[in-house]
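Protein chains in written order, with my numbering: chain R, 845 to 962; chain S, 19 to 195; chain H, 4 to 413.
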């Protein structure tokens, strides 16, 4: 079992080396004529005003939170799917209850308008 | 072959070498979290540390937990942390100093925790490495079976907890009108 | 026979010592990973060529036709051009995140190769958590987008990065839940077993046509829509909205660094198609694939290229959606429907009925979901059509004024 992850490890090493090699090759093959104007931040030809790292809307944070909760739910569901053939009907009802509680959460979000993207 | 006066230390096995690489990654990531001057770099260091933790789980043949670690911590929590950094305007400007008045206290507490952990680890009778697991699928199936049988009450309580977290998320993150 | 077992056996036959088994395994895996990763790079050139050809045919153009047969070498020439471009790094960029982002985005995509079953015994590593592994790789792409957006120190790049992350997060949930349906049916997360389960025996002969799409069309449709969003393809290619966001989170990237994002995007849509094939379209199964092993990879690639061409067809014909519509479609349509679907499947498969009635009920539930999704999408596009007609109708009165009927007052 571990040796299979060995393949993943070697593949990940190769998957890092390929883009690094390509970028390094491009760096040396391409011309190098640095220019202060060229290296400026691109903003449709206008000089940048103010800081890039402006404050963002809280909506993004909310989406992240909802995603986290559903992610955890999914992780609990997958082992149940693997064990599904051996489960009794009542165990399946327990799993269904788990999902139903989270559907309630989704409808709560919906009612409160957290899913609107204004 | 001439006899050596002392026995050579055994060569590390392949999983041990991999473990050392992963541990180095995790330690470098953790140090970046503490020492980086830029808050976003700290978040990236945290991601590296999370990957290290996932790697340790996988080397310990707990692949389901390892993958869950990547899914939840790298996918969701570090994104959330990055969003949180970008939502708090004051933190984005310039370099924040990694030191403040509490750094001395923190160092002492960290050192003490380290000592306690090392003492604990030396005291615990660690189980010997058994046979490598051949049927990892059965372990995952067993986990799923346990969720809805022995541990069905905690399992449903967990669903309630997630529901409460969802409700709390709305209260916290909704734009105040 | 597994490819790695065969290769390990070959090395022992060539005289590799038994005690160096870790080295032999390592060499085997290195060869496998090296071949497959480089094949993917060549594949990417082909994919870009297919996209150009299909889209230009839809737009009544010819597309690349000068270099090589059918313009096949056009993308090679383009890759050469990108290689010879100057490597520009904006002065104000945050160096570490700016440089790591393109590498991470390619890495996250290439690592999916490990669990794609190209044929019987032709899978890099048949992990026990194969399906979840694929989902976990998506989080590397999310990190890459965030790092590129933040590291570029460009307002548009950061805005696009945020949008992409919100999009990827929102569509990951319906995608995973749709992948859950075949896992529930077979009771395994191993990609190879999932492919094997899609066989159909007619007596002793494996027809290889027990594809899950025939039983779970609803799950397949939701997976496909979510995969379109995950690979940032039309109609969900908001980050490429040139008129609004200039180019997306990779606006500050040029030369090879830009090529890496480009490569990752094309490979990602191909691999998501390959996963759809493995989970829903029978993988390498097909008529006589059991008797002639060579047919397996051919079937697999043929199906995956078919899905890829369908994606390009959608790219050529569909309008782009707005961000609020896109987010609401994920959370208000796809997530509730796919949750209802897997709930129905979980209950129905445990009902004490004959197996074929259970399957029929699952199929009915899936068809209901397909009809619901198609109905919602149809209504949406009809509404948009009406709105755009209204928007482009002449607003000024100049063109529409009628001469006053002078005889009206008489």
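C-beta atoms are modelled at their ideal positions from N, C-alpha and C, and glycine is treated no differently.
| query | result |
| --- | --- |
| Buried or exposed (CB count within 10 angstroms, at least 16 for buried), residue 18(H) | exposed |
| Euclidean distance between Cα positions of residue 154(S) and residue 24(H) | 22 Å |
| Inter-residue Cα distance where the pair is residue 189(S) and residue 908(R) | 14 Å |
| Buried or exposed by the 16-neighbour rule on C-beta atoms within 10 Å, applied to residue 193(H) | buried |
| Residue 101(H) - partner residues in DSSP beta bridges | Partner(s): none; residue 101(H) has no beta bridge. |
| DSSP three-state assignment for residue 15(H), whether helix, strand or coil | helix |
| C-beta contact flag for residue 255(H) and residue 148(H) at 9 Å | no |
| Environment of residue 235(H) [buried if 16+ CB atoms lie within 10 Å] | buried |
| Member of 121(H), 75(H), 265(H) and 82(H) whose CA lies at the smallest distance from the CA of residue 6(H) | 121(H) |
| Proximal residues of chain S, C-beta to C-beta of residue 138(H) below 7 Å | 89 |
| The stretch 136–145 of chain H contacting the stretch 870–883 of chain R, beta-carbon criterion three pairs below 8 Å | no |
| Near-chain R residues of the stretch 17–38 of chain H (beta-carbon distance less than 9 Å), N- to C-terminal order | 25, 28, 29, 31, 32, 33, 35, 36 and 37 |
| Alpha carbon of residue 195(S) to alpha carbon of residue 336(H), nearest angstrom | Because residue 195(S) carries a pLDDT of 46, less than 50, the predicted location of this residue cannot be relied on, and the following value inherits that uncertainty. If I take the Cα positions, the gap works out to 27 Å. |
| Proximity test, Cβ basis, 9 Å: residue 864(R) and chain H | yes |
| Counterpart residues of residue 73(H) in DSSP-defined beta bridges | BP columns for residue 73(H) are empty, so no partner. |
| Strand pairing of residue 208(H), partner residues [DSSP] | 205(H) |
| Neighbour flag for residue 331(H) against chain R, beta carbons, 9 Å | yes |
| Three-way DSSP call (helix, strand, coil) for residue 148(S) in this model | coil |
| CB contact check: residue 941(R) to chain S, cutoff 9 Å | yes |
| contact_flag[the stretch 46–58 of chain S, the stretch 364–378 of chain H] where n(CB pairs < 8 Å) is 3 or more | no |
| Contacting residues, own chain, Cβ-Cβ under 7 Å from residue 33(S) (five flanking each side not counted) | 77 |
| Cβ-based burial, residue 91(H) [other Cβ within 10 Å; buried from 16] | buried |
| Opposing strand residues paired with residue 122(H) [DSSP bridges] | 125(H) |
| Inter-residue spacing [alpha-carbon to alpha-carbon] between residue 857(R) and residue 864(R) | 11 Å |
| Segment limits, alpha helix (DSSP H) that includes residue 233(H) | 220–233 |
| Proximal residues, the stretch 29–42 of chain S versus chain H, C-beta separation under 7 Å | 32 |
| Cβ contact (3+ pairs, closer than 8 Å) linking the stretch 265–277 of chain H and the stretch 104–112 of chain H | yes |
| Proximity test, Cβ basis, 9 Å: residue 90(H) and chain R | yes |
| Option nearest residue 374(H) by Cα separation, candidates 327(H), 284(H), 223(H) and 190(H) | 223(H) |
| Short CB-CB distance (under 9 Å) between residue 957(R) and chain H | no |
| Distance between beta carbons of residue 846(R) and residue 149(S), contact taken as under 8 Å | Residue 149(S) to residue 846(R), Cβ: 12 Å. No contact. |
| Terminal residues of the alpha helix (DSSP H) in which residue 915(R) lies | 902–927 |
| Any chain S beta carbon closer than 9 Å to residue 913(R) | yes |
| Cross-chain neighbours of residue 228(H) in chain R, by beta carbon under 8 Å | Chain R residues near residue 228(H): none, gap ~17 Å exceeds 8 Å. |
| Amino acids of chain R, ordered along the chain, whose beta-carbon sits closer than 9 Å to that of residue 57(S) | Chain R residues near residue 57(S): none, gap ~10 Å exceeds 9 Å. |
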